[in-house]
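Everything in the first sequence is counted per the numbering used here, starting at 6 for the first residue and increasing by one. Backbone N, C-alpha and C define an ideal beta-carbon position, used for all residues, glycine too.
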Amino acid sequence: MQKEDEMPKFYVTTPIYYVNQPPHLGTAYPTIAADVIARYHRLFGQDVFFLTGTDEHGAKVAQSAESVGKSPKQFCDEIADQFKKAWGALNISNDHFIRTTDSEHERAVKWALQRLYDGEYVYRHKYEGLYCVGCEQYIPKSSLVQGKCPLHRKEPELLTEECYFFKLSQFQDELLTRISKRELKIEPVQRENEVLSFLRGEKLQDLAISRSKSKVRWGIELPFDRSHTTYVWVDAFLNYLTGIGWLWDGEKFERYWPADVHLIGKDILRVHATIWPSLLLALGVELPRKIFVHGFFTVNGQKMSKSLGNVIDPVFLAGKYGVDALRYFILGAFPFGQDGDFSLQRLEHRYNADLANDLGNLASRLLAMVEKYRGGIIPTSGKEMEIDLNLRRLAERAFLEADKCFREFAFSEALARIWEFIRGINKYIDEVAPWSLAKKEEQRERLDMVLYTALEGLRIVALLIRPFMPSTSKELWNQLSIEEKLETQRFPRALEWGLLKPGIEVKRGKPLFPRIK
RNA sequence: GGCGGUGUAGCUCAGUGGUUAGAGCACACGGCUCAUACCCGUGGAGUCGCAGGUUCGAAUCCUGCCACCGCUACCA
Numbered sequence: 006m007q008k009e010d011e012m013p014k015f016y017v018t019t020p021i022y023y024v025n026q027p028p029h030l031g032t033a034y035p036t037i038a039a040d041v042i043a044r045y046h047r048l049f050g051q052d053v054f055f056l057t058g059t060d061e062h063g064a065k066v067a068q069s070a071e072s073v074g075k076s077p078k079q080f081c082d083e084i085a086d087q088f089k090k091a092w093g094a095l096n097i098s099n100d101h102f103i104r105t106t107d108s109e110h111e112r113a114v115k116w117a118l119q120r121l122y123d124g125e126y127v128y129r130h131k132y133e134g135l136y137c138v139g140c141e142q143y144i145p146k147s148s149l150v151q152g153k154c155p156l157h158r159k160e161p162e163l164l165t166e167e168c169y170f171f172k173l174s175q176f177q178d179e180l181l182t183r184i185s186k187r188e189l190k191i192e193p194v195q196r197e198n199e200v201l202s203f204l205r206g207e208k209l210q211d212l213a214i215s216r217s218k219s220k221v222r223w224g225i226e227l228p229f230d231r232s233h234t235t236y237v238w239v240d241a242f243l244n245y246l247t248g249i250g251w252l253w254d255g256e257k258f259e260r261y262w263p264a265d266v267h268l269i270g271k272d273i274l275r276v277h278a279t280i281w282p283s284l285l286l287a288l289g290v291e292l293p294r295k296i297f298v299h300g301f302f303t304v305n306g307q308k309m310s311k312s313l314g315n316v317i318d319p320v321f322l323a324g325k326y327g328v329d330a331l332r333y334f335i336l337g338a339f340p341f342g343q344d345g346d347f348s349l350q351r352l353e354h355r356y357n358a359d360l361a362n363d364l365g366n367l368a369s370r371l372l373a374m375v376e377k378y379r380g381g382i383i384p385t386s387g388k389e390m391e392i393d394l395n396l397r398r399l400a401e402r403a404f405l406e407a408d409k410c411f412r413e414f415a416f417s418e419a420l421a422r423i424w425e426f427i428r429g430i431n432k433y434i435d436e437v438a439p440w441s442l443a444k445k446e447e448q449r450e451r452l453d454m455v456l457y458t459a460l461e462g463l464r465i466v467a468l469l470i471r472p473f474m475p476s477t478s479k480e481l482w483n484q485l486s487i488e489e490k491l492e493t494q495r496f497p498r499a500l501e502w503g504l505l506k507p508g509i510e511v512k513r514g515k516p517l518f519p520r521i522k
């Protein structure tokens, strides 16, 4: 067993969310996943850094701010605050919340731009694009509808202006090598294939990274040409570096970089697999180890969108069903790397079946029996019979298998393993039938043993679910009246069988998950 | 058009060559009575999208077709 200070560090990120939209289910998804990952690694005593934040520059933000009569900064402050509050409500344990308008970030971005410029990775060139006067920005061909801007129903004009370009094209071979050698891992593997086939089949074009200030005022100035602001890429991607102190806290940066995993949505895979590593190569910074691509949600079979009015508010759901129920459902009901269809009906089904019936009722029935048969006092364990041993083995297997799934980010699988164990305890109780033992005085010791065994199983459950459901974990821990602080429990040691102390009075509480009618 | 993905029980999904294809939920029946009308057991149920092919043997490999979806970059 390694000592804590010898454990490897772990750095996990979410995308930074564009402030044009308040938090919703789509942004909560990778955030909850990252939180679970962070909590899991902390359980092993690892030094974890978990970063999330907001992306705040750009013409769209400036426009949105103006439309509600606010300054861009003020507007961003408010939305960033909404994100922070939302993540607080979802029990997100991020170590830092980065905003691209943070002064440390802006300074670092300028420094990076200058360095790219000095290193001749950036040059001035003509940019030709379709400009929509209504949007006051260039719009990509892909978003045109019959050649017109979908928002303003107007054909955009073809404009040419001088911009600064990043020499993305020169990194093509290097990217191909790094990704195919898996120095930069992209998972699930289908996503890696997508990227590789793209890199093999198409030529990377150099990338425009600035706009004239007249077009995008709300942005970071180029240090070598103050009439331009940098456009999206350099600004946004560098958050992964500046969020852990790059150029302002060298010690911290050295400690945590490279990122162990960037969680991203499939919509931003391509840019993360091309622009981002190229920028790092140009800056001479090590590449992240892994990019993991999660799926998207539809809602009742439909795409989630503002115009359909089916945007799901995770904070509302957490309020209605409980944070842990939401976290359990989001990660338990959908394979993380695939798309999934969200519905309240499914949420309520899983809630009743898994949380209320399996887990909640288990705690309830078990603690009730301890109260009824042993005055609430945790009994001593006794002679172990085969059936007891089997439950113990089931616990060991549940952890080993869940751990394996976990390290592949197969959260729904990991939870399924844990739930197999929970069902195993229910089954154990049925088979040993403590209510029958209680009727016979000569079975006194056997009843002690049986209750102890089941309680010990419940203690293990409390630990196993901890990264996914921190509040429930804590509540179970309290109901079992365990003296040691939950926060000090470390995997895998705390999972050893038999650590539950006898002689202590349990505190049965209200049902953990009241059934939904 | 190109590249890629998906299509397995009513639902959500496992299952990448080998005994009668699996899980959870839902449904039916039985058991129990400690518990949140809960838990435990048993069961029905599937031409594994369609058609060919390779093989002693295919949901699993190959070809074609059908349906749905994603990407085809410089809006995140």
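Buried versus exposed, by CB contacts within 10 Å (16 or more), residue i
{"i": "HIS130", "result": "exposed"}
{"i": "GLU207", "result": "exposed"}
{"i": "PRO516", "result": "exposed"}
{"i": "ASN198", "result": "exposed"}
{"i": "PRO519", "result": "exposed"}
{"i": "ASP107", "result": "buried"}
{"i": "VAL73", "result": "exposed"}
{"i": "SER386", "result": "buried"}
{"i": "THR36", "result": "buried"}
{"i": "TYR128", "result": "exposed"}
{"i": "ARG222", "result": "exposed"}
{"i": "TRP424", "result": "buried"}
{"i": "ASN305", "result": "exposed"}
{"i": "ARG422", "result": "buried"}
{"i": "LYS220", "result": "buried"}
{"i": "ARG275", "result": "exposed"}
{"i": "ARG498", "result": "exposed"}
{"i": "GLU61", "result": "buried"}
Integer Cβ distance of residue i from residue j, believed to fall under 8 Å
{"i": "VAL41", "j": "PRO472", "result": "5 Å"}
{"i": "LEU55", "j": "ASN99", "result": "For the sequence presented, residue 55 should be read as Phe rather than Leu. Sure, about 5 Å apart at Cβ, within 8 Å."}
{"i": "ASP509", "j": "ILE382", "result": "The sequence shown places Ile at residue 509, rather than the Asp named in the question. So it is a contact: roughly 7 Å between Cβ atoms."}
{"i": "PRO263", "j": "PRO293", "result": "5 Å"}
{"i": "TYR333", "j": "LEU452", "result": "Contact doesn't hold; Cβ gap of about 32 Å is too wide."}
{"i": "LEU367", "j": "ILE427", "result": "6 Å"}
{"i": "THR2", "j": "ALA241", "result": "Absent from the model: residue 2. The displayed extent of the chain is 6 to 522, so no value can be given."}
Straight-line gap, residue i to residue j (C-alpha atoms, nearest Å)
{"i": "ALA467", "j": "LEU364", "result": "10 Å"}
{"i": "GLU461", "j": "ARG449", "result": "18 Å"}
{"i": "GLY337", "j": "PHE414", "result": "12 Å"}
{"i": "GLN7", "j": "VAL511", "result": "In this predicted model, GLN7 has a pLDDT of only 44, less than 50, meaning its place in the structure is not dependable; the value taken from the coordinates is given anyway. Roughly 34 Å between the two C-alpha positions."}
{"i": "THR59", "j": "PRO77", "result": "14 Å"}
{"i": "ILE521", "j": "ASP359", "result": "12 Å"}
{"i": "ASP329", "j": "THR477", "result": "7 Å"}
{"i": "GLN307", "j": "ARG355", "result": "21 Å"}
{"i": "ARG370", "j": "GLY224", "result": "59 Å"}
{"i": "PHE411", "j": "MET12", "result": "18 Å"}
{"i": "LEU164", "j": "LYS409", "result": "53 Å"}
{"i": "CYS81", "j": "ILE392", "result": "59 Å"}
{"i": "VAL298", "j": "LEU268", "result": "6 Å"}
{"i": "GLN195", "j": "LYS444", "result": "59 Å"}
{"i": "ASP344", "j": "ILE317", "result": "16 Å"}
{"i": "LEU442", "j": "VAL455", "result": "9 Å"}
{"i": "ALA38", "j": "PRO475", "result": "13 Å"}
{"i": "ARG397", "j": "ARG47", "result": "25 Å"}
{"i": "LYS325", "j": "ALA213", "result": "46 Å"}
{"i": "GLU160", "j": "TYR143", "result": "12 Å"}
{"i": "SER215", "j": "LEU463", "result": "57 Å"}
{"i": "TYR23", "j": "LYS479", "result": "34 Å"}
{"i": "LYS295", "j": "ALA373", "result": "47 Å"}
Bridge partner(s) assigned by DSSP for residue i
{"i": "GLY58", "result": "ILE21 and ILE103"}
{"i": "TYR261", "result": "Paired residues: none, contrary to the question."}
{"i": "THR303", "result": "LYS308 and ASP346"}
{"i": "THR182", "result": "Answer by DSSP bridge pairing: none, since THR182 is not bridged."}
{"i": "ALA213", "result": "PHE170"}
{"i": "GLY134", "result": "LEU164"}
{"i": "PHE411", "result": "In DSSP, PHE411 forms no bridge with anything."}
{"i": "HIS233", "result": "SER217"}
{"i": "LYS115", "result": "LYS115 pairs with nothing; no bridge assigned."}
{"i": "TYR34", "result": "BP columns for TYR34 are empty, so no partner."}
{"i": "VAL127", "result": "PHE171"}
{"i": "ILE382", "result": "GLU510"}
Report task. Please confirm if the region 275-291 is in contact with the region 239-249, defined as three or more CB-CB distances below 8 Å between the two stretches. Result -> Using a Cβ-Cβ distance cut-off of 8 Å, the region 275-291 and the region 239-249 are in contact, since at least three pairs of beta carbons, one from each stretch, lie closer than that value.
Requested in this report: Decide yes or no for the touch test of the region 413-432 against the region 338-354: beta carbon pairs closer than 8 Å, at least 3 of them.
Outcome: Yes, the region 413-432 is in contact with the region 338-354.
Report task. Flag this pair as touching only if the region 81-95 and the region 119-135 have three or more C-beta atom pairs under 8 Å; answer yes or no. Result -> Taking a cut-off of 8 Å for Cβ pairs, the region 81-95 and the region 119-135 do not touch, as fewer than three such pairs fall below it.
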